[in-house]
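S.K.: Below is a structure I'd like to ask you about.
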Amino acid sequence: AQSVAQPEDQVNVAEGNPLTVKCTYSVSGNPYLFWYVQYPNRGLQFLLKYITGDNLVKGSYGFEAEFNKSQTSFHLKKPSALVSDSALYFCAVRDISERPDYKLSFGAGTTVTVRA
Amino acid sequence: DAGVTQSPTHLIKTRGQQVTLRCSPISGHKSVSWYQQVLGQGPQFIFQYYEKEERGRGNFPDRFSARQFPNYSSELNVNALLLGDSALYLCASSFSGGGYYEQYFGPGTRLTVT
Chain R
1 AQSVAQPEDQ VNVAEGNPLT VKCTYSVSGN PYLFWYVQYP NRGLQFLLKY
51 ITGDNLVKGS YGFEAEFNKS QTSFHLKKPS ALVSDSALYF CAVRDISERP
101 DYKLSFGAGT TVTVRA
Chain W
1 DAGVTQSPTH LIKTRGQQVT LRCSPISGHK SVSWYQQVLG QGPQFIFQYY
51 EKEERGRGNF PDRFSARQFP NYSSELNVNA LLLGDSALYL CASSFSGGGY
101 YEQYFGPGTR LTVT
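Chains as they are written, first to last, in my numbering: chain R, 1 to 116; chain W, 1 to 114.
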């Protein structure tokens with residue numbers, strides 16, 4: 001079985017400060033990991049993914065994420081947050097060792113508020 | 001290029017009624033998945049279709065059904081609506097059914113059951 005935990009319901013940062021949104025996962029085999037962002041009354045927008053290779057993944061809008069296999073974590077980071085980054089962020093996992101491997105499991109989400 | 005489109009945007013139904021939600025994937029994408037997002041929670045997997053065949057379903061009752069058409073668009077049907085079916089229903093498309101391809105989501109259909 002696969003699952004995702006986002007331990008923080010809310011993250012508040014000042015504009016210009018670093019932003020980190022935490023995610024830990026649980027899978028039986030090897031994971032594919034994803035981050036999505038959701039703005040009010042909108043669908044989910046893809047930010048980045050980890051499939052294999054370099055543990056530091058760069059994505060859209062200046063976001064990056066670090067895969068840590070030993071800690072089963074995939075934290076989302078942005079060096080300098082913008083007010084426009086205020087949104088709901090979801091981490092998702094797919095266990096590629098399971099068959100079928102298509103199902104995405106999402107965390108409960110973390111609300112990010114960036115104050116001016 | 002157009003993204004994933006869904007219709008209608010909003011829908012209000014009464015308990016016991018039936019509803020059909022529609023989704024058009026990104027051009028070239030052959031896989032469509034459906035998710036239910038209840039307020040305050042992450043999306044929950046309902047179905048995936050690839051090349052017009054159901055590849056699997058999540059932990060949802062038989063009142064939920066779906067199909068994929070030759071043009072890869074998809075419909076989600078929910079019968080005998082319950083108050084608990086009120087949610088945002090998200091459609092996602094991807095190039096193939098699995099592998100390392102990410103899923104791209106539509107704006108969703110907000111279903112309210114009264």
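Just so it is clear, CB atoms sit at the ideal spot from N, CA and C, and this is done for glycine as well. Given the structure is predicted, the values throughout are model-derived calculations rather than measurements.
L88 (chain W) and W34 (chain W) look like a contact to me (Cβ under 8 Å); what is the Cβ gap, rounded to whole Å?
M.R.: 11 Å between Cβ atoms; not a contact.
S.K.: Can the beta-carbon of Q10 (chain R) be found closer than 9 Å to that of V112 (chain R)?
M.R.: In contact: Q10 (chain R) and V112 (chain R) (Cβ atoms closer than 9 Å).
S.K.: Which one or two residues does DSSP pair with R67 (chain W) in a beta bridge?
M.R.: For R67 (chain W), which the question treats as bridged, DSSP gives the partners W:E75.
S.K.: Can you pull the DSSP bridge partners for E98 (chain R)?
M.R.: Partner(s): none; E98 (chain R) has no beta bridge.
S.K.: Would you kindly report the start and end of the unbroken beta strand (DSSP E) that includes A2 (chain W)?
M.R.: From DSSP, A2 (chain W) is part of no beta strand (DSSP E); its letter is neither H nor E.
S.K.: Verify the CB distance criterion: does Q68 (chain W) have a CB-CB separation below 9 Å to chain R?
M.R.: Judged by the 9 Å Cβ criterion, Q68 (chain W) is not in contact with chain R.
S.K.: Should A87 (chain R) and V4 (chain R) be called a contact, given that it needs their Cβ atoms to be closer than 9 Å?
M.R.: Cβ atoms of A87 (chain R) and V4 (chain R): not closer than 9 Å.
S.K.: Is the Cβ of Y32 (chain R) closer than 9 Å to any Cβ of chain W?
M.R.: Taking Cβ atoms only, chain W reaches closer than 9 Å to Y32 (chain R), which makes this a yes.
S.K.: Spell out the partners DSSP gives Y39 (chain R) in its beta bridges.
M.R.: BP columns for Y39 (chain R) are empty, so no partner.
S.K.: Of all the beta strand (DSSP E) runs that stay within the bounds of the stretch 23-67 of chain W, which reach a length of 3 or more residues?
M.R.: DSSP runs (the beta strand (DSSP E)) wholly in the stretch 23-67 of chain W: 31-37, 44-50 and 53-57.
S.K.: Which residues in chain W sit within 8 Å of A108 (chain R), going by Cβ to Cβ distance?
M.R.: The contacting residues are G40, Q41 and G42.
S.K.: In terms of residues, what are the limits of the beta strand (DSSP E) holding N55 (chain R)?
M.R.: Counting along the chain, N55 (chain R) falls outside any beta strand (DSSP E), and DSSP gives it neither H nor E.
S.K.: Excluding the 5 residues flanking L104 (chain R) on each side, which residues of the same chain have their C-beta closer than 6 Å to its C-beta?
M.R.: Excluding residues within five positions, the ones whose Cβ falls inside 6 Å are A92 and R94.
S.K.: Report, in whole angstroms, the separation of the C-beta atoms of R42 (chain R) and P107 (chain W), which I expect to be a contact under 8 Å.
M.R.: Yes, they are in contact, since the Cβ atoms of R42 (chain R) and P107 (chain W) sit about 6 Å apart, within 8 Å.
S.K.: So E102 (chain W) contacts chain R; which residues on that side make the cut at Cβ distance below 8 Å?
M.R.: Simply F34, F46 and K49.
S.K.: Please say whether K30 (chain W) and S96 (chain W) have beta carbons closer to each other than 9 Å?
M.R.: In contact: S96 (chain W) and K30 (chain W) (Cβ atoms closer than 9 Å).
S.K.: In angstroms, rounded to a whole number, what distance separates the CA positions of T5 (chain W) and L19 (chain R)?
M.R.: Looking at the two C-alpha atoms, the distance is approximately 31 Å.
S.K.: Per the DSSP calculation, F46 (chain R) is bridged to which residue(s)?
M.R.: DSSP output for F46 (chain R) lists R:Y36 as bridge partner(s).
S.K.: Checking the sheet assignment: what are the DSSP bridge partners for K78 (chain R)?
M.R.: In the DSSP output, where bridge partners are listed per residue, K78 (chain R) has R:L19.
S.K.: Is the CB-CB distance between Y32 (chain R) and Y50 (chain R) below 9 Å?
M.R.: Cβ distance < 9 Å, so Y32 (chain R) and Y50 (chain R) count as in contact.
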